[in-house]
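The sequence shown: position 8 = 8 (the numbering used here), numbered continuously.
Glycine residues also receive a C-beta, built at the ideal position from the N, C-alpha and C atoms.
Since we're looking at a predicted model, the values are computed, not measured.
Taking it in order: structure first as structure tokens, then the write-up.
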Amino acid sequence: MTPEIALQLFGDAFYLTVVMVAVIVGPSLGVGLIVSTFQAATQINEQTLSFLPRLLVTIGTIMVTGPWLIQELTDLFNHLMIIIPEVIG
């Protein structure tokens, strides 16, 4: 395996990891910001008020984007299986 192939494989896997995390965590961060702004404006300091909406949005995001995320992961896995002869030599 040449260093170029190894770097390309690691780069593809790292990029997919970053995209998957961003898709799942991004909406949760947005909802957390909105809830925190609401809590600061009303001076309500309830922990469940900040936790529950983020949990629901994260679960909803996984339900909506789950098929796409699995498809991207299986595409990367299939690509890795196809290039095994090239990697071996």
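Note on V57: 16 or more other CB atoms within 10 angstroms of its CB, so buried under the neighbour-count rule. Spanning the alpha carbons of L80 and T17 requires a straight line of approximately 15 Å.
The beta carbons of Q39 and L52 sit no closer together than 8 Å.
Judged by DSSP in its simplified three-state form, M1 adopts coil rather than helix or strand.
In the displayed model, E46 falls within coil according to three-state DSSP, outside both helix and strand.
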